[in-house]
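Chemist:
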Amino acid sequence: GCYKNVKDTTVVAQFKWLPNQENPWGTYGSNRYFLAWTTTPWTLPSNTALTVGPTIEYALIHTFNPYTFERIEVVCAAALVPSLFGKGFLRVETPEDLVLPEDKKSIPYCCEPSFSGQELLGLRYEQLLPYCQPMDRPEEAFRVIGGAFVTTEDGTGIVHTAPTFGADDARVAQEAGVPPLLIANENGTPVPLVDLQGKFRAEVGDLGGKYVKNEYYSEGEAPEKSVDVEIAIQLKERGLAFKVEKYEHSYPHCWRTDKPVLYYPLDSWFIRVSENRETLVELNKTIHWNPESTGSGRFGKWLENANDWNLSRSRYWGIPIPIWSTEEGDERMCIGSVADLYVACEASVKAGLMQENPLKEFEPGNMSDDNYSLIDLHKHALDPIVLVAPSGKPMRRENDLIDVWFDSGAMPYAQWHYPFENKSFIDEGSHYPADFIAEGVDQTRGWFYTLHTISSLVFGKPAYKNVLSNGLVLDKFG
6 GCYKNVKDTT VVAQFKWLPN QENPWGTYGS NRYFLAWTTT PWTLPSNTAL TVGPTIEYAL
66 IHTFNPYTFE RIEVVCAAAL VPSLFGKGFL RVETPEDLVL PEDKKSIPYC CEPSFSGQEL
126 LGLRYEQLLP YCQPMDRPEE AFRVIGGAFV TTEDGTGIVH TAPTFGADDA RVAQEAGVPP
186 LLIANENGTP VPLVDLQGKF RAEVGDLGGK YVKNEYYSEG EAPEKSVDVE IAIQLKERGL
246 AFKVEKYEHS YPHCWRTDKP VLYYPLDSWF IRVSENRETL VELNKTIHWN PESTGSGRFG
306 KWLENANDWN LSRSRYWGIP IPIWSTEEGD ERMCIGSVAD LYVACEASVK AGLMQENPLK
366 EFEPGNMSDD NYSLIDLHKH ALDPIVLVAP SGKPMRREND LIDVWFDSGA MPYAQWHYPF
426 ENKSFIDEGS HYPADFIAEG VDQTRGWFYT LHTISSLVFG KPAYKNVLSN GLVLDKFG
């Protein structure tokens, strides 16, 4: 994909405090709000948390809503008060000085002393757009949590958090025990408020059936008002929008369709790298790097913070994930070889789940090219195969393919058809680890990483002994 600069409707939304909560500023009435800015208003119905920076200072501001002119109290980062209360606002000294002029062209505001975000953690607020409740632990939703990624570079210093539509959102919400806003589909399966076509589900009231981005409509069919604009208008009318404006920012687009892409929650298979970081780091110290700083710095630091490796890819060409599951997901089978698949297909035929073995021409144990040319292990050939679970229930293959970077990392063994042939090449060390590898410095997050990770986790040794990592030459445009 690629990023493009686009102009979107953005909203600074007002999230209303629940009453009678202990807080740094003391007692309050029914008009106190958190301010949170978003460049994707369509994600607001999926909000389940507000994230603050624990070390950031937050101020309480007395003012008026710029659209309804209702008297309100709002909380935002103290460092961002000048940008939020710039043009059209006038600072006064005390709440008693808050008098709205008749022409309403200059809205007064005043600030209370600031407190750290740490003191705001746990405070609760009303759900902004209550179309649906989270199906899991709704009582844990709609509260303030902490996140190290929050900054005061722009916005309000308070991040609207929708765990179903952002990686940082999902991570901090999970750490804080805040549920994502998932609802049950017709099969009882938890799903987000937006479907895989990019449309709101029917449960989202007046927004149901509408694309979250106007670019998804066919030519000539897009409505005059996008979903973002509809939500902004709704919040304005309810007195829950503090600022609505167009904002130019960088947004990811599909390189094939040229349309904006969505961050979307999908079930995936992962390699649990995070639990083995120490092993990766220690084995890296046995590798001779040139320059040394690339190994200890760029690559070493990457290993120290390595996340779990997402193997799943929603593609057509590539290596299918060799896992078959029952519809309920309570029984699974991982196939380790073509011979294993042959045996599993025979059992399925015997159980009456398939009429014949699709690998019937294959001869298990025969490693000749002629034998392997009789079968096709791509997605279109494996997806129709139905296997039988120990309980007798049918099992179908997981839809996704394996990340092609896994192919690259498995190269030292796959090239020799290990472990089905040439076992001594790997087990006795005659052809592995590699004596020498040379690639660009960018491969510290690519081939160097995948080779090192698979080798470390499977064999407990590095995949290569010496690395020459060359730099990159950039043109005048960078």
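Every number in this note's numbering is 5 more than the matching position in the sequence shown, counting from 1. Just so it is clear, CB atoms sit at the ideal spot from N, CA and C, and this is done for glycine as well.
#1: Thinking C-alpha only, which one of Asn312, Gly476 and Leu128 is nearest Gly445?
#2: Could you check which residue in Gln202, Leu126 and Met140 has the C-alpha nearest to that of Val177?
#3: Mapping the DSSP letters down to three states, classify Gly210 as helix, strand or coil.
#4: Do you know how far the Cα of Ser460 is from the Cα of Asp408?
#5: State the Cα-Cα distance for the pair Leu134 and Leu49, rounded to the nearest angstrom.
#6: Leaving out the 5 sequence neighbours to the left and right, which residues in its chain are closer than 7 Å to Val86 when beta-carbon positions are compared?
#7: Tell me whether Gln123 is buried or exposed, calling it buried when 16 or more other Cβ atoms sit within 10 Å of its Cβ.
#8: Looking at the strands, I want to know which residues DSSP matches up with Arg401.
#9: If Leu462 sits next to Asn281, beta carbons under 8 Å apart, how far is it from one beta carbon to the other, in whole angstroms?
#10: Mapping the DSSP letters down to three states, classify Met359 as helix, strand or coil.
#11: Hey, how far is the Cα of Ile188 from the Cα of Gln202?
#12: So what does DSSP say about Ser353, is it helix, strand or coil?
#13: Cβ of Gly341 within 7 Å of Cβ of Leu406?
#14: Check whether the Cβ atoms of Thr56 and His254 sit closer than 7 Å, and answer yes or no.
#15: Quick check: the Cα distance between Thr161 and Val232, rounded to an integer number of angstroms?
#16: Let me check one thing: in DSSP terms, what residues is Lys251 bridge-paired to?
#17: Rounded to whole angstroms, what's the CA-CA distance from Lys241 to Leu358? Just pull it up for me.
#18: At the level of alpha carbons, what is the spacing between Pro417 and Tyr437?
#19: Between the alpha carbons of Phe69 and Pro168, how many angstroms are there, rounded?
#20: Please return the same chain residues whose Cβ sits closer than 6 Å to the Cβ of Trp30, not counting the five positions on each side in sequence.
Modeler: Taking the structure as given:
#1: Gly476
#2: Of all alpha-carbon atoms in Gln202, Leu126 and Met140, the one lying nearest the alpha-carbon of Val177 is that of Leu126.
#3: helix
#4: 17 Å
#5: 7 Å
#6: Once the five neighbours on either side are set aside, the close Cβ partners of Val86 are Ala64, Ile66 and Cys116.
#7: exposed
#8: Ser330 and Val391
#9: Right, their Cβ atoms sit about 6 Å apart.
#10: In this structure, Met359 counts as coil in the three-state DSSP scheme.
#11: 17 Å
#12: Reduced to three states, the DSSP call for Ser353 is helix.
#13: no
#14: no
#15: Roughly 23 Å between the two C-alpha positions.
#16: Thr14
#17: 58 Å
#18: Spanning the two alpha carbons is a distance of roughly 7 Å.
#19: 31 Å
#20: These residues qualify, in order along the chain: Leu65 and Glu117.
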